[in-house]
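Here's the structure, in structure tokens; my notes come after.
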Amino acid sequence: MIYFEKIKHMAGLMVLLLGTMYPCRGQQALKKLEPSDYERWGRLKLRELSADGRWVSYSMAYSTGADTLFIKETAGDRTFAYPQGRQGTFAGTTHYACSVAGTLQLLDLTTGKQETMGMVESLSLLPQSSQLLFTSPFKNGWFRITLLEPETMKKSILDSITNYQYSRASRKLAAVASTGSQFSVVVLDVSTGKRDTVYRGKDLINGSLVFRQDGGALAFAERDTEDDRVTSVDIKSRKRYVIPVHYPAANEARLTTVPQKPAYSADGKSLAFYVQPKGSGISVDNTAPEVWNALDRELYPARIASREAGRHPVLAIWDIGSNHLQILTDSINPNLMLTPDYRYALMWNPLEREPDPTDSRAYSYTLWDRKNGAKKPLLKNPDTFSVYMETSPYGRFVTYFDGRDWIAFEFSSGVHHNLTHGLPVTFGTEKDGRLTNIPFSSAGWDKKGRFIIYDTYDIWALQPGKQATRLTGGREQGMRYRIAVPTEEYPSRSNYNGAAAPLIDLEKPVLLEVSKAGSGYAVLYPKGRVKPICSGTDFYSQGILSEKGDVMVCMRQNYDRPPHLLRCNTDGVQRLLYQSNTQYSTYGVQRAERLSYATASGRALSGMLYYPLGFDSTAHYPVMVHIYEDQSWQTNRYVNPSLYNPAGFCITNYTGAGYFVFLPDIEYDGGNPGEDALACVEAGILKIKENKNIDPHRIGLIGHSFGGYQANYIMGHSKSFAASVSGAPINDLVSFYHYVVPGVFRPNFSNLENGQFRMEAPYFKQPLAYTEASPLYGAAGVSAPLLSWGGKDDPQIDPSQLTAFYLAMRRMGKDHVMLAYPGEGHIITSREHQADLTLKIMEWFDHHLKGLPRPDWAKAE
Numbered sequence: 056m057i058y059f060e061k062i063k064h065m066a067g068l069m070v071l072l073l074g075t076m077y078p079c080r081g082q083q084a085l086k087k088l089e090p091s092d093y094e095r096w097g098r099l100k101l102r103e104l105s106a107d108g109r110w111v112s113y114s115m116a117y118s119t120g121a122d123t124l125f126i127k128e129t130a131g132d133r134t135f136a137y138p139q140g141r142q143g144t145f146a147g148t149t150h151y152a153c154s155v156a157g158t159l160q161l162l163d164l165t166t167g168k169q170e171t172m173g174m175v176e177s178l179s180l181l182p183q184s185s186q187l188l189f190t191s192p193f194k195n196g197w198f199r200i201t202l203l204e205p206e207t208m209k210k211s212i213l214d215s216i217t218n219y220q221y222s223r224a225s226r227k228l229a230a231v232a233s234t235g236s237q238f239s240v241v242v243l244d245v246s247t248g249k250r251d252t253v254y255r256g257k258d259l260i261n262g263s264l265v266f267r268q269d270g271g272a273l274a275f276a277e278r279d280t281e282d283d284r285v286t287s288v289d290i291k292s293r294k295r296y297v298i299p300v301h302y303p304a305a306n307e308a309r310l311t312t313v314p315q316k317p318a319y320s321a322d323g324k325s326l327a328f329y330v331q332p333k334g335s336g337i338s339v340d341n342t343a344p345e346v347w348n349a350l351d352r353e354l355y356p357a358r359i360a361s362r363e364a365g366r367h368p369v370l371a372i373w374d375i376g377s378n379h380l381q382i383l384t385d386s387i388n389p390n391l392m393l394t395p396d397y398r399y400a401l402m403w404n405p406l407e408r409e410p411d412p413t414d415s416r417a418y419s420y421t422l423w424d425r426k427n428g429a430k431k432p433l434l435k436n437p438d439t440f441s442v443y444m445e446t447s448p449y450g451r452f453v454t455y456f457d458g459r460d461w462i463a464f465e466f467s468s469g470v471h472h473n474l475t476h477g478l479p480v481t482f483g484t485e486k487d488g489r490l491t492n493i494p495f496s497s498a499g500w501d502k503k504g505r506f507i508i509y510d511t512y513d514i515w516a517l518q519p520g521k522q523a524t525r526l527t528g529g530r531e532q533g534m535r536y537r538i539a540v541p542t543e544e545y546p547s548r549s550n551y552n553g554a555a556a557p558l559i560d561l562e563k564p565v566l567l568e569v570s571k572a573g574s575g576y577a578v579l580y581p582k583g584r585v586k587p588i589c590s591g592t593d594f595y596s597q598g599i600l601s602e603k604g605d606v607m608v609c610m611r612q613n614y615d616r617p618p619h620l621l622r623c624n625t626d627g628v629q630r631l632l633y634q635s636n637t638q639y640s641t642y643g644v645q646r647a648e649r650l651s652y653a654t655a656s657g658r659a660l661s662g663m664l665y666y667p668l669g670f671d672s673t674a675h676y677p678v679m680v681h682i683y684e685d686q687s688w689q690t691n692r693y694v695n696p697s698l699y700n701p702a703g704f705c706i707t708n709y710t711g712a713g714y715f716v717f718l719p720d721i722e723y724d725g726g727n728p729g730e731d732a733l734a735c736v737e738a739g740i741l742k743i744k745e746n747k748n749i750d751p752h753r754i755g756l757i758g759h760s761f762g763g764y765q766a767n768y769i770m771g772h773s774k775s776f777a778a779s780v781s782g783a784p785i786n787d788l789v790s791f792y793h794y795v796v797p798g799v800f801r802p803n804f805s806n807l808e809n810g811q812f813r814m815e816a817p818y819f820k821q822p823l824a825y826t827e828a829s830p831l832y833g834a835a836g837v838s839a840p841l842l843s844w845g846g847k848d849d850p851q852i853d854p855s856q857l858t859a860f861y862l863a864m865r866r867m868g869k870d871h872v873m874l875a876y877p878g879e880g881h882i883i884t885s886r887e888h889q890a891d892l893t894l895k896i897m898e899w900f901d902h903h904l905k906g907l908p909r910p911d912w913a914k915a916e
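This is the structure in structure tokens:
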């Protein structure tokens, strides 16, 4: 059902909303937030802005499943609501379509007319078009494709379809139609409606259909009883090129779309596809002893997994004109990335430097010029940070970061151009307590052939042989600028085993994210002008810019106000479009403050202190201290109360239940992450004890994963806490260091030496440091009740880490309860278990910090 709200009704709602947003104390008694109330909160998501900026779509999702899709005027008050609406999209600037209960709903934005167009399974808008493409069920498990032009209601229908591809370059749709024993490839011209059958065959390999980049040709693979063959068809001339799939070192080979489907080169002269050699994996005798050699390149489990999986697919390139098939990868260099024209291949062996305890992934790349067959090393220094290497969109360069500067290697000349040498800023950031200098990311390349990168504050455009251009002036303002790209629209950087830089269009308005004390947005216009749209101490997100760059819609929130949608003009005018969760204020508006303090050694720190909802300045409250690393990113975000938390903790659950919540930042010197956490947290505790409303005897501590490690370490060395909870904690750094991570088949050496733990040296050089930093060896110092939890199938942290601490506490007769969730991993994913953990943690703290009865599940039997 669809609701159409009149202007006067919306105006009345806005008046009511503004009146309830910040209620005056004394108007009515505040409600107490109970777990049964949590389901009243929904999650707001901004979905789409029409090209002209006149309409916006957004949704509200609830834990009860009562989800609703909305379409609203950005400058007016007309609003349409579709309960259970899915897959919505604007069709041009005049229509909107979505799926509701399996039917296609079409809305005329001009007249408000709504129509049901039939069954729908999937729905999309053809790029650079106002035509809708939707699929619906057809007989024998196939589906029907319908193309609909909403303004004229003109339809084009294709039946018995198994898969399809669309070319925005030629505006043609290719579909595979099945007749049971055969298939045909049909090409539909979207502009004219003309359709042609360009091929008929027996058994098309699903997922192999692909357009040439200009849309003038199609390729696909067909499986016959004896072999596979690949066909490329010129759509206009109907000329066909066919080649059988083969692999010289195997008796038989098959084309496979895993790990990647076939793809034309940018010039359309070649086609790359993967070939799977015949033969299953080598069987392993599980009754024989395993042989683990410390000098093996791969750990034994990785080597065996590789054998059992069989031969890996190899990449082949078919040069269509010459009908030549060339195998590129082999056991010596199994990994590669290609330039868009497929002329150059960068090849490497990920096992070359193994066993590599640092996990540096600094590879020795081989450059292969396929035109003349020449192969040579790309880098003289294999220790260069080549993990950040990616090809440019037009294939002229490959870029990499050498620890200080960005370098562009030019394929044609063989020259390594230093793009950032001599610039008065740095393009990498030194991580606290770690050894590796990490570069700020690159955004890609623009159409002028400039490499777009970031420093701490600004966006730069760099071109070999030319002066660098700074596109923003953030350094002088202390303002950070980044190009804003919606997650669902983020360009793919995939280039086989490597990466390819995306192409950024700076010839049209580009939305920028800005941040300083808060956040906001600005627009970068084609001539280089940067104009702010909105900024402040609130948190702005999900921004979408209209095509002309004159209207933006975004979501704004803060700790004291749930997410709401704003329309922002480039002239600075803002308009509230929608406020989510208006009931929040009836439970009390969240109050919080940022605290500044210092450790005993003088390190400056900060933390966020949240007050209880309905705070009474004459009362005394318990406080929950949640730890991880830097939690400042949460400062300006609103948190919905919820039972469904992957780590069992939610700020608003506790402030609604009469707790202060404190989030201290933790910084590191390196060498002992437990001591760093202890020093930072103890400094924060001293600071919050200055608040006369906090009961210093009722302080709880909670953390998960690395935060769980920190919590257990702190509890063994501090008397500041009355109770604690640790989730999926690491308790013994010695065994965690000597642990093979399942599935990844790598040890934790680099994670502890130069990763999150920042131990700085391998265990065999400083064994005492690892034991001193382990919570297990300080368990005797734990004096307060501890609840710990973890998933029994955690692939990241062996559950024995959880059990070891439990056994230590048991042997010493301490107050400790362990929860082990079956079927769960590093976080809790099932809703039933999430609710169970969330409630149990709160009951644990309610007992120890509020004096409520000990819950039955926590009593000894």
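Every letter in the sequence shown is one number past the one before it in the numbering used here, and letter 769, counting from 1, is 824.
Glycine is no exception: its CB is placed at the ideal position from the N, C-alpha and C atoms.
Just so it is clear, the structure is predicted and the values come from calculations on it, not from any experiment.
Are residue i and residue j touching if we call contact CB-CB under 8 Å?
| i | j | result |
| --- | --- | --- |
| T144 | E103 | yes |
| F189 | Q220 | no |
| A778 | F900 | yes |
| S325 | I290 | no |
| I588 | M607 | yes |
| L310 | A276 | yes |
| F506 | P494 | no |
| D605 | T625 | yes |
| L162 | M172 | no |
| W51 | L517 | Limits of the chain in this structure are 56 at one end and 916 at the other, which puts residue 51 out of reach. |
| V680 | L756 | yes |
| Y137 | L620 | no |
| E791 | Q851 | One detail in the question is off: residue 791 reads as Phe in this sequence, not Glu. For F791 and Q851, no; Cβs fall outside 8 Å. |
| K127 | W110 | yes |
| A859 | D750 | no |
| Y551 | L85 | no |
| V288 | V253 | yes |
| R293 | E445 | no |
| A839 | A738 | no |
| V330 | A308 | yes |
Check for me: the alpha helix (DSSP H) holding residue i runs from which residue to which?
| i | result |
| --- | --- |
| S855 | S855 to M867 |
| Q765 | F761 to M770 |
| H888 | R886 to K905 |
| M204 | Note that residue 204 corresponds to Glu in the displayed sequence, not to Met. Where E204 is concerned, there is no enclosing alpha helix (DSSP H), although the beta strand (DSSP E) it sits in stretches over F198 to E204. |
| K257 | Where K257 is concerned, there is no enclosing alpha helix (DSSP H), given that its DSSP letter is neither H nor E. |
| K742 | P728 to I743 |
The beta strand (DSSP E) spanning residue i covers which residue range?
| i | result |
| --- | --- |
| T592 | It is not in any beta strand (DSSP E) - T592 carries neither H nor E in the DSSP assignment. |
| Y652 | A647 to A653 |
| Y709 | Segment I706 to G711 is the alpha helix (DSSP H) holding Y709; no beta strand (DSSP E) there. |
| K431 | K430 to P432 |
| S154 | H150 to V155 |
| P618 | R616 to N624 |
| T134 | T134 to P138 |
Is the stretch 695 to 708 touching the stretch 873 to 890, taking contact as three or more C-beta pairs under 8 Å? yes
What residue ranges within the stretch 766 to 843 form continuous alpha helix (DSSP H) runs of no fewer than 4 residues, ordered along the chain? 788 to 792, 804 to 809 and 822 to 827
Extract the residue ranges of the beta strand (DSSP E) inside the stretch 313 to 351, only unbroken runs of 3 or more that lie entirely within it. 325 to 332
Assess, as a yes-or-no matter, whether the stretch 388 to 403 is touched by the stretch 562 to 582 under the definition of 3 or more beta carbon pairs within less than 8 Å. no
Answer yes if the stretch 643 to 663 comes into contact with the stretch 708 to 724, meaning at least three C-beta pairs across the two stretches below 8 Å, and no otherwise. yes
In the stretch 490 to 543, which residue ranges form an unbroken beta strand (DSSP E) of at least 3 residues, counting only runs that do not cross its ends? Fully enclosed beta strand (DSSP E) runs of 3 or longer: 492 to 494, 497 to 501, 506 to 509, 514 to 517 and 535 to 538.
Do the stretch 345 to 357 and the stretch 274 to 286 touch if we need at least three Cβ pairs shorter than 8 Å? Taking 8 Å as the limit for Cβ pairs, the verdict is that the stretch 274 to 286 does not touch the stretch 345 to 357.
Entirely enclosed beta strand (DSSP E) segments - the stretch 264 to 305, minimum 3 residues: Whole beta strand (DSSP E) segments, 3+ residues: 272 to 278, 283 to 289 and 295 to 299.
If we count Cβ pairs, one from each stretch, closer than 8 Å, do we get three or more for the stretch 373 to 392 versus the stretch 527 to 536? By the C-beta criterion, the stretch 373 to 392 is judged not to be in contact with the stretch 527 to 536, since fewer than 3 inter-stretch pairs fall below 8 Å.
Does the structure place the stretch 310 to 320 close enough to the stretch 245 to 262 that three or more beta carbon pairs sit under 8 Å? yes
Below 8 Å, how does it come out for the stretch 725 to 741 and the stretch 119 to 133: are there three or more Cβ pairs, yes or no? no
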